[in-house]
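Note sheet for the following structure.
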Amino acid sequence: MANKNVIIIGGGVIGLGIGWQLEKSGASVTIYERDRAGRAASWAAAGMLAPLAEAHTEEPELLTLGSKSLALYPQWVEELEADAQMSIGYRVEGTLIVGLEADDTDQLRHLFAAQQELGLDVNWLSGRDAREIEPALSPRVTAAIYCATDYQVDNRLMVEALQHAYKTSGGVLHENSAIEKIVVENGIVTGVQTQDGFHETDVVVLSAGCWSAQIDGLPDAIIPPVRPVKGQMLALQMEEGIDIKTVIRTVRARYPTSVYLVPRSDGRLIVGATSEEMGFDIRLTVGGMFELLRGAWEVVPGVYELPILETWTGLRPGSRDNAPILGKTPIENLIYATGHYRSGILFTPITAYEITKLILTSETPKTIIPFQLNRFLR
Ligand code: GLY
């Protein structure tokens with residue numbers, strides 16, 4: 000078992016994380032990445048580790064998966080930072096969800112009640128209490144929910160660390176190397192086809208994010224139902240007077256775009272994100288930037304003076320029900336780890352540890368049973 004050969008399609012944090020864990024367990028792993036490793040959704044993300052702030056009462060299984068993955072983060076950070084010999088910017092200052100108007104406060108109350116029903120560790124704050132935590136918040140902030148255990152990590156540092164840890168543990172990474180076809184014979188995966196020919200393997204893991212549905216060779220019925228969901232974002236440089244420590248998210252009942260502000264240790268302030276069903280279109284738009292800047296300025300007026308460092312778009316891999324697709328498929332030895340949508344960075348540790356266990360033991364860990372492809376096949 001320890002000598003299994005595994006090919007991973009997709010070198011984002013999910014593919015790299017699984018590859019790193021498998022290599023450490025004795026498997027021989029090769030990752031094929033269509034572009035540069037970790038430069039798609041993994042790079043575009045804001046790195047929020049926010050099962051509470053993003054909790055939807057109708058999705059308790061997702062909340063459980065997120066909470067379990069968040070609980071794995073301290074172990075993940077320690078292991079990855081030790082192997083990669085670098086920090087990944089894990090920060091535990093918590094998250095403030097704020098509202099600015101009466102309608103927002105109503106929505107916040109609704110969210111707070113739902114979070115309490117779920118037994119989550121959240122606190123209701125007045126606007127004044129919220130400003131005591133973050134003095135840069137607007138005097139218009141009327142109320143807030145403080146999610147003390149919704150943290151953040153610097154996803155770009157995590158990409159760098161994972162690449163380094165994966166390679167130094169023995170993993171092979173081919174960048175700019177698209178998979179033309181997954182090769183299946185008699186219901187069993189035998190390898191993959193690239194422009195260099197056929198590569199035989201024992202196991203194939205499909206973790207190609209929003210490109211996961213575009214790889215030839217699979218029967219139509221089992222192509223993972225994953226689509227791109229565009230997010231526009233930007234980064235500002237914090238300066239004197241704006242020294243934000245917590246993640247800030249807005250609830251804006253009357254506006255199309257709620258925003259989040261994520262402060263990095265190097266002084267960058269990430270502002271995101273739109274959510275658009277635009278296929279593979281990655282253009283920035285005036286409307287998108289306007290909504291983000293307006294949203295950020297309303298909640299932290301001081302951003303008006305800050306320099307803009309960068310703008311970008313990312314494509315979230317959203318599945319048909321927006322939950323990840325994890326585990327076995329009807330094709331023997333073909334494993335899916337895709338569709339992580341808005342929470343790919345949060346779900347990385349649990350995905351990496353559990354998919355590694357699955358590949359090494361052939362047993363599906365209980366945690367990922369609700370997220371198997373078969374939920375779409377019934
Ligand atoms: N998790 C944040 C986003 O998808 O924009």
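Counting in numbering that gives the first Met the number 0, the sequence shown runs from 0 upward without gaps.
Cβ atoms here follow ideal geometry from the backbone N, Cα and C, with glycine treated the same way.
Computed from a predicted model, the values in this text were never measured in an experiment.
Where the beta strand (DSSP E) through residue i begins and ends
{"i": "T375", "result": "In the sequence as presented, Thr is not what sits at residue 375; that position holds Phe. Note, F375: premise wrong, no beta strand (DSSP E); not H, not E."}
{"i": "T347", "result": "Where T347 is concerned, there is no enclosing beta strand (DSSP E), although the alpha helix (DSSP H) it sits in stretches over 343-360."}
{"i": "K327", "result": "324-327"}
{"i": "A336", "result": "333-337"}
{"i": "V299", "result": "Looking at the DSSP string, V299 is not in any beta strand (DSSP E), and its letter there is neither H nor E."}
{"i": "K180", "result": "180-184"}
{"i": "E32", "result": "First-last for E32: undefined, no H or E at that position."}
{"i": "S318", "result": "307-318"}
{"i": "N4", "result": "4-8"}
{"i": "A143", "result": "142-146"}
{"i": "Y259", "result": "259-262"}
{"i": "Q192", "result": "187-193"}
{"i": "G196", "result": "196-199"}
{"i": "N284", "result": "According to the sequence displayed, residue 284 carries Thr and not Asn. Here T284 belongs to no beta strand (DSSP E), and DSSP marks it neither H nor E."}
{"i": "I214", "result": "Segment: none, I214 is in no beta strand (DSSP E) and carries neither H nor E."}
{"i": "V202", "result": "202-205"}
Residue range of the alpha helix (DSSP H) that includes residue i
{"i": "I132", "result": "126-132"}
{"i": "K166", "result": "154-167"}
{"i": "V76", "result": "59-83"}
{"i": "Q236", "result": "Run containing Q236: none in the alpha helix (DSSP H); it sits in the beta strand (DSSP E), 225-236."}
{"i": "S41", "result": "40-43"}
{"i": "I13", "result": "12-23"}
Anticipated Cβ contact below 8 angstroms, residue i with residue j, distance rounded
{"i": "G271", "j": "M237", "result": "In fact, because the Cβ distance is near 16 angstroms, the residues do not count as touching under 8 angstroms."}
{"i": "A234", "j": "L268", "result": "7 angstroms"}
{"i": "G37", "j": "L15", "result": "6 angstroms"}
{"i": "G10", "j": "E32", "result": "3 angstroms"}
{"i": "N321", "j": "V203", "result": "Contact flag wrong, Cβ pair sits at about 24 angstroms."}
{"i": "T141", "j": "L99", "result": "6 angstroms"}
{"i": "T273", "j": "E290", "result": "7 angstroms"}
{"i": "V5", "j": "I358", "result": "6 angstroms"}
{"i": "V246", "j": "V261", "result": "5 angstroms"}
{"i": "C146", "j": "T63", "result": "Not confirmed; about 16 angstroms, so no contact."}
TODO: Tell me, please, whether the region 315-335 touches the region 167-175 by the rule of three or more beta-carbon pairs shorter than 8 angstroms.
DONE: Flag = no, the region 315-335 and the region 167-175 do not touch.
Task: the region 89-103 in contact with the region 242-251 per 3-pair CB rule at 8 angstroms - done: These segments touch.
TODO: Kindly provide the ranges of any alpha helix (DSSP H) runs that are 4 or more residues long and lie completely inside the region 85-120, ordered along the chain.
DONE: The alpha helix (DSSP H) runs of length 4 or more contained entirely in the region 85-120 are, from start to end of the chain, 101-116.
Open item on the list: Across the region 274-285 and the region 114-129, are there enough close Cβ pairs to call them in contact, namely three or more that are closer than 8 angstroms?
Closed with: Result no; under three Cβ-Cβ pairs closer than 8 angstroms.
Open item on the list: For the pair the region 156-167 and the region 67-86, tell me if three or more CB-CB distances fall below 8 angstroms.
Closed with: Of all C-beta pairs linking the region 156-167 to the region 67-86, three or more are shorter than 8 angstroms, placing the two stretches in contact.
Open item on the list: Pairs of beta-carbons, one from the region 328-342 and one from the region 215-231, closer than 8 angstroms: are there three or more?
Closed with: They touch, by the three-pair rule.
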